[in-house]
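Chemist: Please find one structure pasted underneath; my questions will follow.
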Amino acid sequence: MDKVLLIDDEVDVQYSFRRIFNSPDLELHTASSGEEALKMIPRIQPNLVLSDIRMAGLNGLETLRRIRQMDPKLPVILMTAYGTTQTAIEAMKLGAYDYLLKPFDVPRLKQLVEDALRAARDMSQVVVVQPQLEQQDYDLGVIGRSESMQEVFKLIGQLATSDATALITGESGTGKELVARAIYQNSRRAKEPFVAINCAAIPENLLESDLFGHERGAFTGATSQRIGRFEQCNRGTLFLDEIGDMSPATQTKILRVLQNGSFERVGGNTPVQVDVRIIAATNKHLEEAVARKEFREDLFYRLNVVRIPLPPLRQRRGDIPLLVDYFLRKIGSTSGGQKSISQSTLVALENFNWPGNVRELENCLRRAVVVAKSPAILPSDLPLDILHNNPSRITTSPASTALPPTEIQAPSLSNAPIRQPITASVGVPLDLTEVSRWLFRWAQSHSDFKIIPAIERELVIEALKETQGNQVQAARMLGITRATLRKRIDKFAIRKELNVT
Ligand SMILES: Nc1ncnc2c1ncn2[C@@H]1O[C@H](COP(=O)(O)OP(=O)(O)OP(=O)(O)O)[C@@H](O)[C@H]1O
Ligand SMILES: [Mg+2]
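Per our numbering, the very first residue in the sequence shown carries number 2; after that it's consecutive.
The structure is reproduced here in structure tokens:
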């Protein structure tokens with residue numbers, strides 16, 4: 002049974018709470034002051050506290066502060082008749098679960114209490130990640146214990162003692178740049194420069210001069226000589242990121258440096274000798290680009306000396322708890338105070354497909370830490386699409402999802418991963434989860450859009466149109482009784498609109 006402690010010096014409020022929360026599943030205790038409540042808490046061990054703010058003696062904020070010291074996990078809802086922005090901010094900063102204005106909107110109050118109690122239950126199952134992170138995980142900064150990551154670590158180790166060119170491949174966010182830096186830091190060149198260059202981000206006409214530098218007067222605007230990245234990084238390591246996006250002309254030049262160890266600055270004709278170790282990365286399928294003649298085959302072989310394929314996160318789900326632990330510590334160290342995570346939240350994270358891989362997981366946790374009201378991250382702190390993820394969600398092959406017949410213009414999902422259509426129980430190839438996701442997104446940006454009534458209304462209208470107003474048939478189509486249909490017709494005031502009797 003859930004125990005709720007109400008702190009309020011007004012007898013009227015205590016009385017109305019007793020009426021509102023008169024339920025066999027809930028035990029309501031009352032205290033008339035902060036001091037009294039602080040004495041009661043260790044004895045009754047409530048699952049939730051609701052406290053007034055303005056009280057004689059300890060006020061609500063001060064009481065909250067002391068409760069936090071006693072039990073950081075106990076959710077506290079503060080209530081006041083004199084709301085100011087400042088107290089609301091202060092309350093949330095002190096870690097209140099929520100902040101309510103009097104007089105209460107009873108359904109909202111009940112909902113909030115229910116949510117807070119659920120949060121308290123979730124929080125009682127906060128997880129301690131096993132196995133624990135060790136110092137060596139931090140030293141490398143590349144987290145993972147899965148077999149596929151062990152292979153990656155082995156390769157990093159092997160590359161440390163050589164100058165071989167490495168090609169890191171993997172989907173976006175799998176840690177290609179992180180691994181490139183780890184190779185560099187463990188190599189003999191660790192004290193020499195590391196220069197990273199994103200081949201996709203620099204306009205093609207500037208890439209060449211960026212990489213190789215230029216002589217004065219080489220082109221309009223070249224008023225002085227410029228030293229390019231290759232020269233800057235002599236004796237060091239050059240990280241060529243997004244190598245699959247390089248133009249054919251630059252590919253040729255890079256190939257020459259790799260073959261001869263020399264190049265000319267743009268507009269110059271003296272060869273410049275350099276000693277540079279190349280690490281390249283791409284999320285493109287280079288073999289296919291070679292087959293399409295978009296990427297030079299000879300350059301591909303030069304780069305592909307040691308290949309490090311990084312596994313997508315969904316293929317190493319076992320690493321998710323460790324990554325979560327790592328990121329929560331990292332985020333906590335810069336945001337003052339580390340949050341923990343409830344078991345059910347961790348399960349949701351482990352089940353998600355993470356099309357954006359580790360980067361997406363890190364961003365998701367950063368957001369969750371900000372929105373979480375309690376010391377532990379709860380499922381309600383996760384975005385809906387992660388929470389409602391269907392493990393069958395796929396990230397490749399543009400499967401043709403049947404679109405629902407709806408007049409609502411769905412927000413663009415072009416960047417969202419495509420999920421395989423599931424077959425609803427009636428055999429319609431309609432992805433109901435996908436439809437719901439659209440609706441939720443739509444509702445998020447249209448506060449007056451109430452999903453269930455809006456959909457119900459549309460369905461009733463459609464069924465009546467379809468059956469030319471035959472209520473018996475319409476009710477059957479909708480799977481409801483005729484009496485319920487009539488109630489809906491009245492509720493949505495559509496009798497006149499559709500001319501039904
Ligand atoms: N194994 C890991 N351990 C810890 N952090 C990781 C790991 N992999 C990735 N990250 C973090 O995820 C984020 C993305 O990593 P990174 O930039 O290396 O990915 P990427 O593969 O280069 O992505 P893109 O293809 O989009 O450039 C970074 O903040 C990185 O620190
Ligand atoms: Mg990258």
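C-beta atoms are modelled at their ideal positions from N, C-alpha and C, and glycine is treated no differently. As the structure is a computational prediction, the values presented were derived from the model and not from experiment.
What does DSSP give as the partner residue(s) for isoleucine 342 in the beta ladder?
Modeler: Ile378
Chemist: CB-CB under 7 Å to serine 147, same chain, minus the five flanking residues each way: which ones, in chain order?
Modeler: Shown here for serine 147: same chain residues with a beta carbon closer than 7 Å to its own, the five before and five after excluded, namely Arg317, Gly319, Asp320 in chain order.
Chemist: Can you confirm whether the segment 156-164 touches the segment 201-208 when touching is taken to mean that 3 or more C-beta pairs between the two stretches lie within less than 8 Å?
Modeler: no
Chemist: State the DSSP-derived secondary structure class of aspartate 246, mapped to helix, strand or coil.
Modeler: helix
Chemist: Does the beta carbon of glutamate 209 fall short of 7 Å from some heavy atom of ligand 2?
Modeler: no
Chemist: Select from Phe493, Ile280, Phe264, Gly268 the residue whose C-alpha is nearest the C-alpha of arginine 274.
Modeler: According to the sequence displayed, residue 274 carries glutamine and not arginine. Among Phe493, Ile280, Phe264, Gly268, the Cα nearest to that of glutamine 274 belongs to Phe264.
Chemist: So what does DSSP say about phenylalanine 105, is it helix, strand or coil?
Modeler: Shown here, phenylalanine 105 sits in coil according to DSSP, grouped into three states, outside any helix or strand.
Chemist: If we ignore side chains and look at the alpha-carbon of each, how far apart do leucine 499 and leucine 465 end up?
Modeler: 8 Å
Chemist: Which of helix, strand or coil does DSSP assign to leucine 314?
Modeler: helix
Chemist: If we count the other Cβ atoms within 10 Å of its Cβ and call it buried at 16 or more, is serine 210 buried or exposed?
Modeler: buried
Chemist: If contacts are defined as beta-carbon pairs under 8 Å, then glycine 174 and glutamate 361 qualify, I think. What distance do you get, rounded to the angstrom?
Modeler: 6 Å
Chemist: Hey, would you say the C-beta of alanine 282 is under 7 Å away from at least one heavy atom of ligand 2?
Modeler: yes
Chemist: Could you check whether the Cβ of lysine 177 sits closer than 7 Å to any heavy atom belonging to ligand 3?
Modeler: Ligand 3 is absent from the structure shown, which contains only ligand 1 and ligand 2.
Chemist: Is leucine 75 closer than 8 Å to valine 50 when the C-beta atoms are compared?
Modeler: yes
Chemist: Any heavy atom of ligand 2 closer than 7 Å to the Cβ of aspartate 246?
Modeler: no
Chemist: Rounded to the nearest angstrom, what separates glutamate 295 and proline 249 at their Cα positions?
Modeler: Rounded to whole angstroms, glutamate 295 to proline 249 spans 7 Å at the Cα level.
Chemist: From what residue to what residue does the beta strand (DSSP E) around isoleucine 8 run?
Modeler: Where isoleucine 8 is concerned, the enclosing beta strand (DSSP E) stretches over 3-8.
Chemist: When every heavy atom of ligand 1 is checked, does at least one fall within less than 7 Å of the C-beta of serine 375?
Modeler: Of the heavy atoms belonging to ligand 1, none sits nearer than 7 Å to the Cβ of serine 375.
Chemist: Sorted by chain position, which residues of the same chain lie with C-beta nearer than 8 Å to asparagine 60's C-beta, five sequence neighbours on each side aside?
Modeler: Gly35, Ile54
Chemist: For arginine 182 and glycine 171, I'd like the C-alpha separation in whole angstroms.
Modeler: 16 Å
Chemist: Using a Cβ-Cβ cut-off of 7 Å (strictly less than) and excluding sequence neighbours within five positions of aspartate 13, which residues of its own chain qualify?
Modeler: Taking aspartate 13 as the centre and dropping the five residues before and after it, the same chain places no C-beta closer than 7 Å to its C-beta.
Chemist: Quick one: grab the DSSP three-state call for threonine 335.
Modeler: helix
Chemist: Please check the pair cysteine 365 and isoleucine 387, which I expect to be a contact at CB under 8 Å, by giving their CB distance rounded to whole angstroms.
Modeler: 6 Å
Chemist: What is the DSSP secondary structure of asparagine 199, reduced to helix, strand or coil?
Modeler: Asparagine 199: strand per DSSP, three-state reduction.
Chemist: Between the beta-carbon of serine 345 and the beta-carbon of aspartate 106, is there less than 8 Å?
Modeler: no
Chemist: Taking all protein chains shown into account, do 16 or more other C-beta atoms lie within 10 angstroms of the C-beta of leucine 1, making it buried, or fewer, making it exposed?
Modeler: The displayed coordinates of the chain run from 2 to 502. Any statement about residue 1 would go beyond what the structure contains.
Chemist: Compare the beta carbon distance of leucine 118 and aspartate 9 with 8 Å and say whether it is the shorter of the two.
Modeler: Not a contact, by the Cβ cut-off of 8 Å.
Chemist: Under 8 Å, with one C-beta from each stretch per pair, do the segment 177-193 and the segment 222-229 reach the 3-pair mark?
Modeler: no
Chemist: Classify lysine 492: buried if its beta carbon has 16 or more other beta carbons within 10 angstroms, exposed otherwise.
Modeler: exposed
Chemist: At 4 residues or longer, and completely inside the segment 206-294: list those alpha helix (DSSP H) runs for me, N to C.
Modeler: 230-233, 249-261, 287-292
Chemist: What does a CB cutoff of less than 7 Å around glycine 333 pick up in its chain, not counting 5 residues either side in sequence?
Modeler: Here glycine 333 has Gln339, Lys340 as same chain residues with Cβ atoms under 7 Å from its own Cβ, once five neighbours each way along the sequence are excluded.
Chemist: Could you tell me how far apart the beta carbons of alanine 120 and tyrosine 98 are, in whole angstroms, since I believe they sit closer than 8 Å?
Modeler: 7 Å
Chemist: Suppose you measure from the CA of leucine 256 to the CA of phenylalanine 213; what does that come to, to the nearest Å?
Modeler: 13 Å
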